[in-house]
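Okay, structure first, notes after.
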Amino acid sequence: MFDTILIANRGEIACRVIDTCRRLGVRTVAVHSDVDAQARHVEMADVAVSLGGASPAESYLRGDAIIAAAQATGAQAIHPGYGFLSENPEFVDAVEAAGLVFIGPSASAIRAMGLKDAAKALMAEAGVPVVPGYQGVDQSPELLAKEAEAIGYPVLIKAVAGGGGKGMRLVEAPKGFADALASAQSEAKTAFGNPHVLIEKYITSPRHIEVQVFGDGETAVHLFERDCSLQRRHQKVIEEAPAPGMTPEMRDAMGHAAVRAAEAIGYKGAGTVEFIVDGADGLRPDGFWFMEMNTRLQVEHPVTEAITGVDLVEWQLRVAAGEPLPCVQGDLTITGHSFEARLYAEDVPAGFLPATGRLAHLAFPKAARADTGVRTGDVISPHYDPMIAKVIVHGSSRAVALRKLRQALAETQVAGTVTNLAFLGALARHEGFSVGDVDTGLIGRDLAALTDVPDLAPAVTAQAVLALVGLDRAPQPLDGFALWAPVAQELAVAFGEDILGCLITTRGPGEIDVAVNGQIVAARYGANGWRFDGQPGAAVFVEDGVATVFGDPTTVLRRVDPLDVEAGAGASGDLIEAPMPGLVRQVFVSAGATVAKGDRLAILEAMKMEHSLLAARDGVVAEVMAQAGSQVEAGAVLIRLEEEEI
Ligand code: ADP
């Protein structure tokens, strides 16, 4: 076994590799960019080496600097994680030329699987079923169109160098072929520098089932399958193992095919053979086809670890250090069921836009495995993947594991950035998914329901409001004491674009009524803390006037300061100015619009609060200078009203 290894990666996977190294007594060397200087993986490693820069090209993709760091710190081997240099055969060659061990397959195995067309041809030769299609070198549009016709529509055009769904186009009928081909080729050229495509029969009710393999360079075993059919735009969202509805015959057939694939290229280390499965009428041993092989550890490997009890990173280190495979096929069994959900900083209502921000608060339930590379206070930066964590659960059956997943997601707490947590929760409750009826189109079909924002319950607002004014503590004996009338306090909070007026009336110690837009919620303090209309309160996190009420779903409410709103109304009445530097969130009017005094014309986001900018008088909009999304200075004129006729 190695004394010291370098991990050429960041984030959750670097941390996860370090965890296993710790357990095995292996010293770890982290590398990091400038923006990651304080990152969790740097803190966890025994030694850290700065690569400088921020973007991957300036840091984690600098193979030479990484190899130099390994040599300088006495590391004998390099673990590439996933992404970055993990499937780069030139890097493998360079690592080996430097006298170091690459923890992964040989450069030739990576090359063999690097291009989808060559890999498909090789697999067909090894007797692995491949999707019917054309993967030839002739790329003339006429020939490709003819091949598509011969395969039979619908067909899928795929970039041979593709990944992440780029350069992929579904074509339903011949008339759409030429345009789809042109756009797939140009996307492939831009993304991969290689415009070549292949054409495949499109499987209409497809499931993505992949097999985890592990080789020692000669022989290989498989660690069963994972179902990754819950995808959004070809990106995996929730994965599970084993696959629902899998039969022993089909598992056997897929496992054997995957092992054949691995052995055909002398595979060493952890790899994944991805198959597409026709789920139209149940799983059949002749209904799966090779798609591609990922020659690295996959993001979703923990579900395999959960059902097999194998630590795949430990196996990677042992096999790379020259040990034989830790066990034979017959030793491997499946226990229970596991799910993994990928938690991202992303703005789901805005179309799953990657988000950035500081994680003001981050906590995971003890009952789940959370693989993460960030802590409370860390920043999700625009330079890297916005994944916050992978939440992994294991249960004795699929139903038990799914219940645990729902619970784990409901108990996961993130404040400071938007996340896809509510979307994951909705998916975990999806009826079809619950009964194991999955295919890759599920999310797309039910997207509206899965991303629906439920109505805000007054009790949730009441909790946020109490926390915002600091009344969510244990009551004090003199709370609410006043000579003539109950103590009352007014407060406005914003939920998205809606502003809610709230009135907090303290009637006595532990007895508060909160009127939310006139609807009264009774907050009462008892042995187990505050209850709202009889229901127990949730955990609430407050920072800078923003309350995050955790739960299913988690709700974010911002305190709106009435003084700021008035300040924004503009002194002259003609001009609507930004009261402070901020981001224009929304503009509600355009030139020519007639407005009345008090109308909301725009929203400015500043100091983590939303400020409504109101019209100071009746009038007609002359000009709109502000654009939603633009950053403005204090005093900037955003909207001008036509001068009043006197
Ligand atoms: P990439 O490497 O770009 O991620 P893949 O070849 O792995 O592309 O395919 C990504 C996803 O596209 C699969 O998981 C599956 O959902 C879908 N897909 C791929 N091939 C087919 C096909 N022949 N028919 C239907 N869907 C497919």
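Sequence positions in the sequence shown follow the UniProt record's numbering and run 1 to 646.
Heads up, the beta-carbon is just placed ideally off N, CA and C, and yes, glycines get one too.
The Cβ atoms of ASP574 and GLU643 lie closer than 8 Å to each other.
The count of Cβ pairs closer than 8 Å, one atom from the segment 276-289 and one from the segment 199-217, reaches three, so the stretches are in contact. At least one heavy atom of the ligand ADP lies less than 7 Å from the C-beta of TYR202.
Within a 10 Å sphere around the beta-carbon of LEU478 sit fewer than 16 other beta-carbons, which makes this residue exposed. A residue is called buried when at least 16 other Cβ atoms come within 10 angstroms of its Cβ; LEU170 does not meet this threshold and is exposed. Here the alpha carbons of ASP138 and ALA399 stand approximately 49 Å from one another. DSSP assignment within the segment 4-49 yields the following whole alpha helix (DSSP H) runs of 4 residues or more, N-terminal first: 11-24, 40-44.
Residue nearest to MET254 within the set SER229, PRO365, PHE288 is PHE288 (criterion: CA-CA distance). With a cut-off of 7 Å, the C-beta of VAL277 is classified as distant from the ligand ADP, since no heavy atom of the ligand falls inside that distance. Exclusion of GLU340 from the 7 Å shell around the ligand ADP follows from its C-beta lying no nearer than that to any non-hydrogen atom of the ligand. A Cβ-Cβ contact shorter than 8 Å links ILE380 with GLY357. By the C-beta criterion, the segment 440-449 is judged not to be in contact with the segment 486-496, since fewer than 3 inter-stretch pairs fall below 8 Å. Minimum Cα-Cα distance from ALA112 among the listed residues ALA97, ALA262, ALA241 corresponds to ALA262. GLU187 is positioned such that its CB atom lies closer than 8 Å to that of GLY167. Residues ALA341, VAL391, LEU421, LEU424, GLY425, ALA428, ASP552 of the same chain have their beta carbon placed closer than 8 Å to that of LEU409, with the five preceding and five following residues left out of the count. Taking a C-beta distance under 8 Å as the contact criterion, ALA467 and PHE532 do not qualify as a contact pair. The beta carbon of VAL131 sits closer than 7 Å to at least one heavy atom of the ligand ADP.
By DSSP's assignment, ASN294 forms a beta bridge with THR272. Within the same chain, and ignoring the five residues on either side of LEU450 in sequence, the residues whose Cβ sits closer than 8 Å to its Cβ are PHE423, ALA426, LEU427, HIS430, ILE443. Under the DSSP assignment, HIS301 falls in the alpha helix (DSSP H) whose first and last residues are 301-308.
Taking all protein chains shown into account, ASP498 has fewer than 16 neighbouring C-beta atoms within 10 Å of its C-beta and is therefore exposed. Residue range 206-216 is occupied by the beta strand (DSSP E) that includes PHE214. For the ligand ADP, a non-hydrogen atom lies closer than 7 Å to the CB of LEU156. DSSP assignment within the segment 454-506 yields the following whole alpha helix (DSSP H) runs of 4 residues or more, N-terminal first: 458-468. By the neighbour-count criterion, in which a residue is buried when 16 or more other Cβ atoms sit within 10 angstroms of its Cβ, PHE550 is buried. Between the ligand ADP and GLN298, a heavy atom-to-CB distance of less than 7 Å is absent. Classified as exposed, ASN517 has fewer than 16 neighbouring CB atoms from the shown chains inside 10 Å of its CB. Of the residues LEU447, GLY162, VAL155, the one whose Cα lies closest to the Cα of LYS175 is VAL155.
Given a length threshold of 4 residues, each whole run of the alpha helix (DSSP H) inside the segment 65-102 is given here in chain order: 89-97. A Cβ-Cβ separation of about 5 Å places ALA591 in contact with VAL621 under the 8 Å criterion. Set against 7 Å, the gap from the CB of MET291 to the closest heavy atom of the ligand ADP is smaller. LEU601 counts as buried, since no fewer than 16 other beta carbons sit within 10 angstroms of its beta carbon. The alpha-carbon separation between GLU292 and VAL221 amounts to approximately 18 Å. For the 8 Å CB-CB criterion, VAL29 and VAL49 form a contact.
Annotation for GLU149: no beta strand (DSSP E) segment contains it, though the alpha helix (DSSP H) segment containing it runs 141-151.
One thing to note: GLY266 has its Cβ within 8 Å of the Cβ of GLU218.
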